[in-house]
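Numbered per our numbering, the sequence shown finishes at 528, counting up by one with no gaps.
Below is one structure, written out as structure tokens; comments come after it.
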Amino acid sequence: MLACTFVISGQISAAEPSPGNISIGVLAYNGKPQALARWQPTAEYLAQHIDSHNFEIVPLTHDEFIHAINKGQLEFILTNPGHYISLEVKFGATRIATFKSRFHEEVLTQFSSVIFTRADSDIFRLDDIKGRSMAAVSEQAFGGYQLAYSELLDQGIDASTDLTLMWLGFPQSDIVREVIAGRADLGTVRSGILEKMAASGEINLSAIRVLGSRSSNAFPLLHSTALYPEWPIARLPDTDSKLAKQVAITLLQMPENALPAVASGGAGWTIPLDYLNVHELF
């Protein structure tokens with residue numbers, strides 16, 4: 247089982263929400279400017295459709311989330327499934343909708359992680375990786391490490407002791423480049439990263455060998471782990487229930503091609519999925 251890595255700290259200064267606004271805390275995994283650019287259109291969409299409320303995006307790190315919730319500065323949270331589960335357990339957060347991602351013309355409500363090496367590597371199976379180096383995002387990264395950690399543990403491999411871990415942070419494309427350059431024996435990234443890099447001409451998929459490859463008729467992306475539900479948006483316990491219902495309905499009615507859906511890189515929202523398999527990771 248994964249150890250819960252979300253550190254509690256009251257010393258980090260979280261972004262302060264403006265008075266009178268409904269604040270949505272968003273995990274800024276790739277930097278706060280990027281989080282604002284991706285999700286501010288969603289806040290504006292909610293403000294347009296829900297009378298007498300302004301909505302704002304508050305980009306936060308893992309530690310800043312704890313501070314902001316303890317200070318009562320957030321009404322809603324939007325984060326990855328693993329982080330959401332930790333906030334559900336500690337603070338009673340309740341999901342109200344699940345994000346729909348997009349791959350070309352396909353709409354997806356689940357994602358995975360892929361473990362990979364160079365196509366010319368002498369690593370052919372997961373059994374071959376002990377003693378090797380693996381590039382990943384960070385210990386807190388759900389799709390960028392934790393899913394691979396769990397999968398490897400199921401295969402009898404403890405990544406924390408059996409591998410030399412190289413923490414590269416974001417963007418995840420750096421992990422792919424590190425492996426292709428031969429500076430890491432293998433890497434793990436969220437599903438879809440390899441395909442996006444191939445589509446942009448950055449890499450050729452023939453240069454990559456996927457380890458522990460899985461296949462699913464319902465999931466078109468290269469992947470090595472089980473599928474998990476996409477990011478949820480959740481209400482905190484003190485958030486007005488009528489407002490939470492309005493937010494949920496508004497998000498569920500968002501057209502797939504609406505500006506906020508496009509800005510988010512997805513296709514809107516669906517009813518909250520079952521996150522039991524995420525619970526089972528921790």
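Each residue gets a CB set at the ideal place from its N, CA and C atoms; glycine is no exception.
Assign Thr410 to one of two classes, buried (16 or more other C-beta atoms within 10 Å of its C-beta) or exposed (fewer than that).
The sequence position of residue 410 within the sequence shown is 164, counting from 1. Flag for Thr410 reads exposed.
Option nearest Ser461 by Cα separation, candidates Gly447, Ser437, Gly512, Met443
Along the sequence shown, one-based indexing puts residue 461 at 215. Comparing alpha-carbon positions, the option among Gly447, Ser437, Gly512, Met443 lying closest to Ser461 turns out to be Ser437.
Just the C-alpha distance for Glu385 and Gln392, rounded to the nearest angstrom, thanks.
Taking the first residue of the sequence shown as 1, we reach residue 385 at position 139. Taking the first residue of the sequence shown as 1, we reach residue 392 at position 146. Just so you know, the alpha carbons of Glu385 and Gln392 end up roughly 7 Å apart.
Straight-line Cα distance separating Ile296 from Gly511:
Within the sequence shown, numbered from 1, the residue matching residue 511 stands at position 265. Within the sequence shown, numbered from 1, the residue matching residue 296 stands at position 50. It is roughly 23 Å from the alpha-carbon of Gly511 to the alpha-carbon of Ile296.
Which residue from Ser269, Glu302, Glu526, Glu351 puts its Cα closest to that of Val508?
If you number the sequence shown from 1, residue 508 lands on position 262. Ranking the options by Cα distance to Val508, first place goes to Glu351.
At the level of alpha carbons, what is the spacing between His223 and Glu476?
With the chain running from 247 to 528 in the structure shown, residue 223 is simply not present.
Flag this pair as yes or no: are the beta carbons of Ile361 and Ser470 separated by less than 7 Å?
Position 115 of the sequence shown, counted from the first residue, corresponds to residue 361. Position 224 of the sequence shown, counted from the first residue, corresponds to residue 470. Contact: yes.
Can you grab the Cα-Cα spacing for the pair Ile421 / Thr434, in whole Å?
Against the sequence shown, residue 421 aligns to sequence position 175. Against the sequence shown, residue 434 aligns to sequence position 188. Each residue's Cα considered, the two are about 7 Å apart.
Three-way DSSP call (helix, strand, coil) for Glu302 in this model
For the purposes of this step, residue 302 is taken as the residue at position 56 of the sequence shown. In the structure shown, the three-state DSSP call for Glu302 is strand.
Consult DSSP for Ser379 and reduce its assignment to one of helix, strand or coil.
Looking up residue 379 in the sequence shown gives position 133. Note: Ser379 maps to strand in three-state DSSP.
Under the three-state reduction of DSSP, which class applies to Thr288: helix, strand or coil?
Taking the first residue of the sequence shown as position 1, residue 288 is located at position 42. Correct three-state label for Thr288: helix.
According to DSSP, is Ala343 part of a helix, a strand, or is it coil?
Here residue 343 corresponds to residue number 97 of the sequence shown, with the count starting at 1. Residue state, collapsed to three classes: strand.
Straight-line gap, Ala480 to Ala314 (C-alpha atoms, nearest Å):
Within the sequence shown, the letter at position 234 stands for residue 480. Within the sequence shown, the letter at position 68 stands for residue 314. As the crow flies, the alpha-carbon of Ala480 is around 15 Å from that of Ala314.
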